[in-house]
Amino acid sequence: MSHETINLTLKIWRQPNAEVEGRFEEYKLEGVSTHASFLEMLDILNDELIEEGKEPVAFDHDCREGICGMCGMMINGQAHGPDNETTTCQLHMRRFQHNDKITIEPWRATAFPVIKDLVVDRSAFDRIITAGGYVSVNTGNAPDANTIPIPRKDQQKAMDAASCIGCGACVAACKNASAMLFTSAKVSQLALLPHGKSERGERVLKMVAKMDEEKFGSCTNTGECEAACPAGISLDNIARMNREYLKATLCSTES
Amino acid sequence: MAIAEPSISNILDSKIPDGPIEDKWDKCKFDLKLVNPSNKRKFNIIVVGTGLAGGAAAATLGELGYNVKSFCIQDSPRRAHSIAAQGGINAAKNYPNDGDSIWRLFYDTVKGGDFRSREANVYRLAQVANNIIDQCTAQGVPFAREYGGYLMNRSFGGAQVSRTFYCRGQTGQQLLLGAYQSLMRQVSAGKVNIYSRREMLDVIIIDGKARGIITRNLVTGEFETHIADAVVLATGGYGNAWYLSTNGNGSNVTAAWRCHKKGAFFANPCFTQIHPTCIPRSGDYQSKLTLMSESLRNDGRVWVPKRKDDNRPAKDIPDNERDYYLERRYPSFGNLAPRDIASRAAKLECDKGHGVNDTGQAVYLDFRDAIARDGEDVVRSKYGNLFHMYKKITGDDPYHVPMQIYPAVHYTMGGLWVDYHLQTTIPGLYALGEANFSDHGANRLGASALMQGLADGYFVIPYTIGDHLARHSFEKITEDHDACREALENAKGRVNKIMSIGGNRTPNQFHKELGGILWDYVGMERTKAGLETAIEKVQGLRSEFWEDLKIVGKNEELNQVLEKAGRVADYMEFAELIATDALNREESCGGHFRSEHQTADNEAMRHDDEFAYVAAWEFNGVGEKPSLHKEQLEFKNVPLATRSYK
Ligand SMILES: Cc1cc2nc3c(=O)[nH]c(=O)nc-3n(C[C@H](O)[C@H](O)[C@H](O)COP(=O)(O)OP(=O)(O)OC[C@H]3O[C@@H](n4cnc5c(N)ncnc54)[C@H](O)[C@@H]3O)c2cc1C
Ligand code: SF4
Ligand code: FES
Numbered sequence: 001m002s003h004e005t006i007n008l009t010l011k012i013w014r015q016p017n018a019e020v021e022g023r024f025e026e027y028k029l030e031g032v033s034t035h036a037s038f039l040e041m042l043d044i045l046n047d048e049l050i051e052e053g054k055e056p057v058a059f060d061h062d063c064r065e066g067i068c069g070m071c072g073m074m075i076n077g078q079a080h081g082p083d084n085e086t087t088t089c090q091l092h093m094r095r096f097q098h099n100d101k102i103t104i105e106p107w108r109a110t111a112f113p114v115i116k117d118l119v120v121d122r123s124a125f126d127r128i129i130t131a132g133g134y135v136s137v138n139t140g141n142a143p144d145a146n147t148i149p150i151p152r153k154d155q156q157k158a159m160d161a162a163s164c165i166g167c168g169a170c171v172a173a174c175k176n177a178s179a180m181l182f183t184s185a186k187v188s189q190l191a192l193l194p195h196g197k198s199e200r201g202e203r204v205l206k207m208v209a210k211m212d213e214e215k216f217g218s219c220t221n222t223g224e225c226e227a228a229c230p231a232g233i234s235l236d237n238i239a240r241m242n243r244e245y246l247k248a249t250l251c252s253t254e255s
Numbered sequence: 001m002a003i004a005e006p007s008i009s010n011i012l013d014s015k016i017p018d019g020p021i022e023d024k025w026d027k028c029k030f031d032l033k034l035v036n037p038s039n040k041r042k043f044n045i046i047v048v049g050t051g052l053a054g055g056a057a058a059a060t061l062g063e064l065g066y067n068v069k070s071f072c073i074q075d076s077p078r079r080a081h082s083i084a085a086q087g088g089i090n091a092a093k094n095y096p097n098d099g100d101s102i103w104r105l106f107y108d109t110v111k112g113g114d115f116r117s118r119e120a121n122v123y124r125l126a127q128v129a130n131n132i133i134d135q136c137t138a139q140g141v142p143f144a145r146e147y148g149g150y151l152m153n154r155s156f157g158g159a160q161v162s163r164t165f166y167c168r169g170q171t172g173q174q175l176l177l178g179a180y181q182s183l184m185r186q187v188s189a190g191k192v193n194i195y196s197r198r199e200m201l202d203v204i205i206i207d208g209k210a211r212g213i214i215t216r217n218l219v220t221g222e223f224e225t226h227i228a229d230a231v232v233l234a235t236g237g238y239g240n241a242w243y244l245s246t247n248g249n250g251s252n253v254t255a256a257w258r259c260h261k262k263g264a265f266f267a268n269p270c271f272t273q274i275h276p277t278c279i280p281r282s283g284d285y286q287s288k289l290t291l292m293s294e295s296l297r298n299d300g301r302v303w304v305p306k307r308k309d310d311n312r313p314a315k316d317i318p319d320n321e322r323d324y325y326l327e328r329r330y331p332s333f334g335n336l337a338p339r340d341i342a343s344r345a346a347k348l349e350c351d352k353g354h355g356v357n358d359t360g361q362a363v364y365l366d367f368r369d370a371i372a373r374d375g376e377d378v379v380r381s382k383y384g385n386l387f388h389m390y391k392k393i394t395g396d397d398p399y400h401v402p403m404q405i406y407p408a409v410h411y412t413m414g415g416l417w418v419d420y421h422l423q424t425t426i427p428g429l430y431a432l433g434e435a436n437f438s439d440h441g442a443n444r445l446g447a448s449a450l451m452q453g454l455a456d457g458y459f460v461i462p463y464t465i466g467d468h469l470a471r472h473s474f475e476k477i478t479e480d481h482d483a484c485r486e487a488l489e490n491a492k493g494r495v496n497k498i499m500s501i502g503g504n505r506t507p508n509q510f511h512k513e514l515g516g517i518l519w520d521y522v523g524m525e526r527t528k529a530g531l532e533t534a535i536e537k538v539q540g541l542r543s544e545f546w547e548d549l550k551i552v553g554k555n556e557e558l559n560q561v562l563e564k565a566g567r568v569a570d571y572m573e574f575a576e577l578i579a580t581d582a583l584n585r586e587e588s589c590g591g592h593f594r595s596e597h598q599t600a601d602n603e604a605m606r607h608d609d610e611f612a613y614v615a616a617w618e619f620n621g622v623g624e625k626p627s628l629h630k631e632q633l634e635f636k637n638v639p640l641a642t643r644s645y646k
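As you go down the protein sequences, you meet chains Z and H in turn.
Each residue of the first sequence is one higher than the one before, starting from 1 at the first, in the working numbering.
Each residue of the second sequence is one higher than the one before, starting from 1 at the first, in the working numbering.
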């Protein structure tokens, strides 16, 4: 058995706001229970910092159960840390050893400017969805839900894609800071479902254009995004989006 | 000691339309004044909150042509706490052909709420539920389907039919993303503007009507004045008052409480749902409790060892030495007994010394039999993500050892008092979703909060708000208006006061202590003496808070300590109201269990002659006795009866 409690050295990125340069600072933390979550470990650090009259480390979080997509940081160079399909908030300290040194940084991408310490601005994702990541159906328009049967395998694939939590780890893990995995997950979900089909061409063109405009990098198929993704979003979605895009460009040049 | 001896009046008008219950909503819609389509663009509406209720409302109001400003605390509207809902959403589609109907959904919800909700609202909820499923499907919500491609249902507690629609264990996520996408479509159409990382700190009231809000920009610390013709509050529940709950960290009572202080009555604050299946706490550093969806009780069996302090591993305890106490006590509902009942039963077993794990504060939820019957793969396909989550948090694998669970604060049935139009006692201020009180009485059934949030947002407020706008004239106002300035100064003043204390204890430490008081005295079991103690302790802690709070940093920046302190400051006031309400309600019903009022076999004892009313509290000042206003409840369609799940 590993220690019930462990001591850690934390090297954390501190940056007061977007205008100022940031730098690493080191902190010692003792007696952390291995049952605590990673964010609870940071809570303990922050309570100690506040008691000493120092500014606590700012980080985003809300649900703390891996679904809201609000948390996210680079832990020893890995987006969301070492565990597969695990968000930062679900990572637990039993994954670390006594006397480990842990480096913690914010997501790094031009499209995600740092707001403070580990908090970044991911509103570019909202703007990609605004560009077309929806079905144009007004409230009250819908026919009975069973009117159109949906083959179970399509529903399952759509559900797989729809599981994206919008955390941005795919961008942070990618050397080009590409948002292909995120964008393709939404494009795929809606292309797989009958209700999303009528707008599919226009949707993919607009979302991809927005993605480029927001200064996300291009995709060079390294697959780092998939490896970092806590929601198990697969690279198949990128392939599907590329096909959708190709089809849409062909159609739009034809007309 | 200042225990509230409430003053009582009957000034509430719930605006329930006349006529048979089936026709009330149609009648109401017909009687509502309409805003001419081309006039809608002249009205500005503020919607605070982007969860299911707020997201749905803002999107739909935008579609109708109103100008909408939408606010949330998180960095994106998609992260509202609704995202975390797991199990599903109810509707009476009767696709499984098992005898469901609008009437049955209505009946189950009124009974499940232990006869403390308003019949007319619940009926409307059951009526529009089917439209929600249609709407969400059309938005691209990938609900579970049978092989033939048709929609699939599962069962939830408190019902004997299968009426819950779901998306794996991520139903809230999918429904919220559907609403969020509709919302962003309205952003792209120019009808909605999003203000994220904003916290509402006050409401602006002019000529008795809600006309705007004050927010703090959480990144810059700037205080902002937003003016509108109506304000919709969809700010969620206040379960975090107990510190440890299943709610996201950002959930809070601040927006609702500040409106309460400006005149909106708060109804039934003591009605709190303690959910039976949560992962037990493991240590003092713990920041939240994680829910294991109620859907697990479809296949999991709840038990404790028959022998006290039996510390053999679960698998070594033979069947005849296990007490499947829910199946024993409630043979017809068994493991699917409603939440309040299942939670109290777990507490009772643990109090008697049958609890498991080091703390004795846990019971087993066992899938052994389901795995033997259906195979691991079938169990995985239904609950895979929940098992995965459980393992990540506890390190144990539920395919091989039973889960350990214990009740935790989960949902708040209480909230701002609203009439049938969802309007609070402040004209032009509406409350939707978990932030209001109306549909769940003293206990909410599983899968019905998502239903209510979306019903309120998609199908109720878009009609009822028009009536207010069409009936009144709205003077043009600017930020210089005295009422705007007053609200702004009020919000700033509170922040300055918090910043200036210079004490020694962090907001988190205070919050933990407050939560401890509420859990001990205003938790699963309440007594007169305990509630009196709670009120005294809360008052004491509140004074300490204002003398000994420590904040670092400044207002003019992202300052999470300051944000937290503001919310804790409001809980310090609000907690007293929770206890006051619990003290006033001398009966047991749903999630509110007063030990003095129970039957010989520990079931809740309601007192309908005295307490079949909604307790709506009016604020009279911090530490002052609030006034009690009663809305008498009538049960004409579901006759009052002792709730039995035996
Ligand atoms: C873990 C979990 C699982 C659940 N599972 C289910 C389920 O399976 N089925 C079911 O029916 N129900 C379930 N529930 C309950 C249900 O999820 C909630 O009751 C419901 O989603 C609440 O929706 P809402 O729109 O009212 O509020 P929320 O989703 O809580 O949204 C509140 C919004 O208000 C904003 N806000 C709050 N305060 C302020 C402020 N001061 N200023 C600005 N913005 C503010 C927030 O940013 C957020 O956008 C579950 C709840 C939890 C905790
Ligand atoms: S694709 Fe995965 S990593 Fe990228 S935003 Fe979605 S969940 Fe996060
Ligand atoms: S805090 Fe919600 S995903 Fe981590």
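All C-beta atoms, glycine included, are put in the ideal place defined by N, C-alpha and C.
At least 3 beta-carbon pairs within less than 8 Å: the region 490 to 498 of chain H vs the region 53 to 63 of chain H = Result no; under three Cβ-Cβ pairs closer than 8 Å.
Partner residues on chain H for H61(Z), Cβ-Cβ distance less than 8 Å = Residues of chain H passing the Cβ test: N249.
Kindly list the residues whose CB is nearer than 6 Å to the CB of K261(H), restricted to its own chain and excluding five residues on each side of it in sequence; keep chain order.
-> So the list reads F619, once near-sequence residues are dropped.
Cβ-heavy atom distance between A165(Z) and ligand 3 below 7 Å?
-> Before going further, note that residue 165(Z) is Ile rather than Ala in the sequence given. I165(Z): yes, Cβ under 7 Å from ligand 3.
Do you know whose CA, among G523(H), K512(H) and L151(H), lies nearest S542(H)'s CA?
-> Note on residue identity: the sequence assigns Arg, not Ser, to residue 542(H). Ranking G523(H), K512(H) and L151(H) by Cα distance to R542(H) puts K512(H) first.
Using a Cβ cut-off of 8 Å, pull out every chain H residue sitting near R193(Z), in sequence order please.
-> Note that residue 193(Z) is Leu in the sequence shown here, rather than Arg. Chain H residues near L193(Z): G140 and P142.
Measuring CB to CB, does P407(H) end up less than 8 Å from M524(H)?
-> Cβ atoms of P407(H) and M524(H): closer than 8 Å.
Would the beta-carbon of F182(Z) be found less than 7 Å away from any heavy atom of ligand 2?
-> Yes.
Should K24(H) be labelled buried (16 or more other beta-carbon atoms within 10 Å of its own) or exposed?
-> Result: buried.
6 Å CB neighbourhood of G69(Z) in its chain, flanking five on each side removed | Excluding sequence neighbours, G69(Z) sits near I165, G166 and C167.
At least three beta-carbon pairs within less than 8 Å, the region 437 to 447 of chain H to the region 411 to 418 of chain H = Taking a cut-off of 8 Å for Cβ pairs, the region 437 to 447 of chain H and the region 411 to 418 of chain H touch, as three or more such pairs fall below it.
Can you find a C-beta in chain Z that's less than 8 Å from the C-beta of T215(H)?
-> At a cut-off of 8 Å, the C-beta of T215(H) has no neighbouring C-beta in chain Z.
Would you mind working out which of N44(H), F611(H) and E22(H) sits nearest A228(H), comparing C-alpha positions?
-> With distances taken between Cα atoms, A228(H) lies closest to N44(H).
Nearest-angstrom Cα separation, counted from Y420(H) out to C225(Z) = Each residue's alpha carbon lies about 49 Å from the other.
Can you check DSSP and say which residues form a bridge with S70(H)?
-> In the DSSP assignment, S70(H) is bridged to V47(H) and I194(H).
Cβ-Cβ distance between A679(H) and T50(H) below 8 Å | This structure cannot settle anything about residue 679(H), because the visible part of chain H is limited to 1 through 646.
Other residues of its chain near R240(Z): CB distance less than 6 Å, five sequence neighbours each side excluded = Contacts found: S188.
8 Å Cβ cutoff, I426(H) in contact with chain Z | Not closer than 8 Å to any Cβ of chain Z, the Cβ of I426(H) fails to qualify, so no.
Run down chain Z in chain order and give the residues with a C-beta less than 7 Å from the C-beta of R168(H).
-> Those within 7 Å of R168(H) in chain Z are M159.
Which residues DSSP lists as bridging C589(H), in chain order = Answer is H592(H), bridged to C589(H).
From K209(H), E119(H) and V122(H), residue whose alpha carbon lies closest to that of S473(H) = Just measuring C-alpha positions, the residue of K209(H), E119(H) and V122(H) sitting nearest S473(H) is K209(H).
Kindly list the residues whose CB is nearer than 7 Å to the CB of W13(Z), restricted to its own chain and excluding five residues on each side of it in sequence; keep chain order.
-> Taken in chain order, the residues that qualify are G22, F24, I104, E105, P106, D117 and L118.
For L49(Z), which residues from the same chain have a beta carbon less than 6 Å from its beta carbon, with the 5 sequence-adjacent residues on both sides left out?
-> Excluding the 5 residues flanking it on each side, L49(Z) has same chain C-beta neighbours closer than 6 Å at P56, in chain order.
M70(Z) (DSSP reduced to helix, strand or coil) | Looking at M70(Z) - three-state DSSP - the assignment turns out to be coil, as it is neither helix nor strand.
A346(H): first and last residue of the uninterrupted alpha helix (DSSP H) it sits in = From DSSP, the alpha helix (DSSP H) with A346(H) extends over R339 to D351.
Determine the DSSP secondary structure at C136(H), reduced to helix, strand or coil.
-> Helix, per DSSP.
Looking only at DSSP bridge pairs, what is R301(H) linked to?
-> Answer by DSSP bridge pairing, in chain order: D366(H).
In the DSSP assignment, what residue or residues form a beta bridge with R312(H)?
-> R312(H) pairs with nothing; no bridge assigned.
When burial is assigned at 16 or more other CB atoms within 10 Å of the CB, is S33(Z) buried or exposed?
-> The residue in question, S33(Z), is buried, as its Cβ has 16 or more Cβ neighbours within 10 Å.
In angstroms with no decimal places, state the Cα-to-Cα distance between N249(H) and K247(Z).
-> Rounded to whole angstroms, the separation of the alpha carbons of K247(Z) and N249(H) is 44 Å.
Does ligand 3 have even one heavy atom less than 7 Å from the beta-carbon of H61(Z)?
-> It does: the Cβ of H61(Z) is within 7 Å (strictly closer) of some heavy atom of ligand 3.
Check whether the Cβ of C28(H) lies closer than 7 Å to any heavy atom of ligand 5, and answer yes or no.
-> Absence of ligand 5 from the depicted structure is noted, with ligand 1, ligand 2 and ligand 3 being the only ligands included.
W617(H) beta carbon less than 8 Å from that of L577(H) | W617(H) is positioned such that its CB atom lies closer than 8 Å to that of L577(H).
Beta-carbon proximity list for T9(Z), same chain, < 7 Å, skipping 5 on both sides = The residues E26, K28 and K101, in chain order, have a CB closer than 7 Å to that of T9(Z) in the same chain once the five nearest residues on each side in sequence are set aside.
Extent of the continuous alpha helix (DSSP H) to which A483(H) belongs = Note, A483(H): alpha helix (DSSP H), D482 to M499.
For D601(H), which of helix, strand or coil comes out of DSSP?
-> In the structure shown, the three-state DSSP call for D601(H) is coil.
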